Amino acid sequence: MSLKKWWQENLKVKEEMFTFRMLKVKQYHLLKEEAGKRSAMYLQELDSVNREQKSDQDRLDNESRKKNEIENMIRQKGHEKDEAIKRIEKLNEHIRKNELSLEENMKIQSQLEKDVGSSKGRVDDLQRELESVVEQLGDARVDKHEDSRRRKKQEIVENFKRQFPGVFDRMINMCQPIHKRYNVAITKVLGKYMEAIVVDTEKTARQCIQYLKDQMLEPETFLPLDYIQAKPLKERLRTIKEPRNVRLLYDVLQFNEEINKAVLFATNNALVCETPEDAMRVAYELDKQRYDAVALDGTYYTKSGLISGGSLDLARKAKRWDEKQMSQLKAQKDKLQEEIRELQKKSRKESELNTLQSSIAGLQTRLKYSHSDKETTQKTIEQLEVDLEKLEEKRNKFEPNIVIIEQRMAERNKEIENIKENMNNVEDVVFQSFCAQIGVANIRQYEERELRTQNERLKKRHEFESQKNRITSQLEFEQTRDTKTNVLRWERAVQDEEDNLEREKSARERD
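If you want the working numbering, it's the position in the sequence shown, counting the first as 1, plus 95.
Below, the structure is given as structure tokens:
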């Protein structure tokens with residue numbers, strides 16, 4: 096058999112097979128129509144059930160959509176609540192820091208107000224006091240040489256105080272006449288003890304003496320309180336009526352109680368009188384006993400019979416009390432001036448106070464707004480909690496409805512499956528012979544496999560036919576343009592498409 100004849104016969108077989116398959120498709124559609132008529136009752140029932148199912152599906156979708164919207168709102172509200180809580184925490188920290196700063200600044204402000212407020216009035220008082228001290232000082236002058244010598248001697252006492260705790264001071268620095276009229280009399284009686292250094296014990300006195308020797312300084316007189324023998328004060332001498340104005344020298348001195356023994360020792364119950372005559376009378380003629388008595392001018396009658404009058408040297412020494420007062424006034428003047436300077440420094444703190452007050456006002460304003468913000472945020476949290484509770488209630492109401500719908504749809508799905516099974520049974524009866532002829536178990540198998548494949552082939556064949564027609568048209572167009580190259584190219588394209596079409600037919604026939 097020639098190749099051409101074989102090819103023609105083969106092609107004929109393929110065309111017959113194709114024709115057979117097309118007849119089967121036509122038969123399928125006729126049987127399908129018959130099956131539809133027989134299962135019309137089931138189809139109507141299926142349509143009705145499907146409509147109900149679709150209605151429930153729409154209700155389910157609607158309920159699910161609403162539920163999702165509620166859940167989205169719950170998430171959004173929950174996020175807003177979390178952010179509000181974080182803001183509350185930040186505000187609490189901000190408030191805590193500002194309150195600490197405010198408390199600290201208020202304390203500083205209180206102190207500055209005291210300093211500034213009290214300093215203004217206090218400066219005025221001190222200025223008046225300073226003017227009084229300067230007036231008392233007047234034009235008084237102290238011998239520079241004598242003043243220098245006394246300063247040096249006082250430095251010695253200060254050195255003693257630093258090295259030996261039991262050192263008090265010089266007697267003249269620790270007591271003071273109650274009136275200047277007694278200056279000369281007191282100076283006469285105290286004598287060398289006026290410049291004596293009062294110490295607590297004999298041991299301290301010996302340490303001071305050794306220090307003077309080591310430093311090669313002038314000797315000093317010491318009154319150790321544990322060593323000196325002071326006679327008790329004779330109270331009856333305080334009641335002398337005649338002569339008038341007779342007083343114990345002890346009583347016209349002001350001093351601290353700690354040196355009482357030293358004063359008793361130095362005054363030794365001596366009496367001070369107005370005149371030398373009164374002093375002599377008291378010393379030798381009073382109640383047939385003898386006493387030490389001194390007149391205001393310094394005339395001194397001792398009970399032993401010695402008499403010494405006042406002198407220029409005594410008057411000079413008595414001025415020590417005035418000079419002492421002068422030194423005290425100078426010290427007071429220096430102290431007042433220093434205190435005024437310190438208070439003026441405090442007065443200059445007024446600008447610092449103003450700045451601080453502005454800072455406090457700013458802190459108070461920030462705290463006010465922070466508390467207001469916190470209160471508003473707290474109310475927002477409370478409202479969000481109410482909203483969340485309501486949303487949770489709404490969401491919980493959707494769940495039962497969704498469950499009911501889903502259960503109803505599940506039951507209806509079973510009903511749909513039963514109806515479809517009944518319809519399949521009808522089809523199986525109608526297509527029984529057809530399925531046997533084509534070798535399939537049931538018509539569904541044919542529909543799923545054969546018809547789908549057939550449809551795909553028809554679709555592809557249509558695509559090839561369309562492509563072939565397009566190329567043929569293009570070829571004819573190119574031929575009219577007498578473009579040989581293009582004609583050949585399109586002839587090859589047509590041949591390729593014909594070959595593809597033939598291969599497709601062959602593949603279909605094999606299937």
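Built from N, CA and C at the ideal position, the CB exists for glycine as well.
Note that the structure is predicted; figures quoted are calculated from it, not measured.
Applying the 10 Å Cβ sphere with the 16-neighbour rule, what's the burial state of residue 260?
Looking at its Cβ environment, which holds fewer than 16 other Cβ atoms inside 10 Å, residue 260 is exposed.
Less than 8 Å between the beta carbons of residue 244 and residue 252, yes or no?
Their beta carbons are not under 8 Å apart, which means residue 244 does not touch residue 252 by this criterion.
Might you give, ordered along the chain, the residues of its own chain that have their beta carbon closer than 6 Å to the beta carbon of residue 375, omitting 5 neighbours on each side?
Cβ contact annotation for residue 375 (same chain, cutoff 6 Å, sequence separation greater than five): 396, in chain order.
Please list the segments of the alpha helix (DSSP H) lying wholly inside the segment 263 to 346, counting only runs of 4 or more residues, in order along the chain.
Qualifying alpha helix (DSSP H) stretches, in chain order: 266 to 269, 278 to 285 and 297 to 309.
Which residues in the same chain have their Cβ closer than 7 Å to the Cβ of residue 332, if we skip the five residues on either side of it in sequence?
343, 364 and 366, listed in sequence order.
With DSSP collapsed to three states, give me the class of residue 526.
Correct three-state label for residue 526: coil.
Buried or exposed, going by whether 16 or more other CB atoms sit within 10 Å of the CB of residue 474?
When all chains shown are included, residue 474 counts as exposed.
Locate the alpha helix (DSSP H) running through residue 535, then write down its first and last residues.
Taken as a continuous stretch (DSSP letters only), residue 535 belongs to no alpha helix (DSSP H), as it is neither H nor E.
Residue from 325, 504 and 476 with nearest C-alpha to residue 178
The candidate whose alpha carbon is nearest that of residue 178 is 476.
Between the Cα of residue 615 and the Cα atoms of 470, 313 and 337, which residue gives the shortest distance?
Outside the shown range of the chain (96 to 606) lies residue 615, about which nothing can therefore be said.
From residue 388 to residue 296, what does the alpha carbon distance come to, in whole angstroms?
Distance between the alpha carbons of residue 388 and residue 296: 30 Å.
Out of 304, 274, 308 and 312, which has the shortest C-alpha to C-alpha gap to residue 318?
Ranking the options by Cα distance to residue 318, first place goes to 304.
Considering Cα atoms alone, identify which of 146, 511, 481 and 489 is closest to residue 173.
Nearest of 146, 511, 481 and 489 to residue 173, Cα basis: 481.
C-alpha gap between residue 143 and residue 508, whole angstroms:
C-alpha separation (whole angstroms): 13 Å.
Could you check where the beta strand (DSSP E) with residue 350 kicks off and where it finishes?
For residue 350, the enclosing beta strand (DSSP E) starts and ends at 348 to 350.
Check whether the segment 555 to 564 touches the segment 591 to 600, counting contact only when three or more Cβ pairs, one atom from each stretch, lie closer than 8 Å.
With the cut-off at 8 Å, the segment 555 to 564 and the segment 591 to 600 touch.
Have a look at 163, 522 and 428 and flag the residue whose alpha-carbon is nearest the alpha-carbon of residue 95.
There is simply no residue 95 to check, as the chain begins at 96 and stops at 606 in what is shown.
Which of helix, strand or coil DSSP assigns to residue 365
Here residue 365 sits in coil by DSSP.
When the Cα of residue 152 is compared with those of 321, 338 and 497, which residue comes out closest?
The shortest CA-to-CA distance from residue 152 to any of 321, 338 and 497 is the one to 497.
Would you tell me roughly how many angstroms separate the C-alpha atoms of residue 83 and residue 199, rounded to the nearest one?
Nothing about residue 83 can be read from this structure; the chain reaches only from 96 to 606.
Straight-line CA distance for residue 454 to residue 190?
Each residue's alpha carbon lies about 15 Å from the other.
Tell me which same chain residues have a C-beta within less than 8 Å of the C-beta of residue 517, skipping the five on either side of it?
So the list reads 134 and 137, once near-sequence residues are dropped.
Residue 373 - containing alpha helix (DSSP H), residue span
Annotation: the continuous alpha helix (DSSP H) that includes residue 373 extends over 371 to 379.
Pick helix, strand or coil for residue 446, following the three-state DSSP scheme.
In the structure shown, residue 446 sits in a helix (DSSP, three-state: H, G or I).
Looking at residue 465: is its Cβ nearer than 8 Å to the Cβ of residue 157?
Taking 8 Å as the cut-off, the beta carbon of residue 465 is found no closer than this to the beta carbon of residue 157.
Applying the 10 Å Cβ sphere with the 16-neighbour rule, what's the burial state of residue 165?
With 16 or more Cβ atoms within 10 Å of its Cβ, residue 165 is classed as buried.
Quick one: what does DSSP say residue 150 is sitting in, helix, strand or coil?
Of the three classes helix, strand and coil, the one that applies to residue 150 here is helix, per DSSP.
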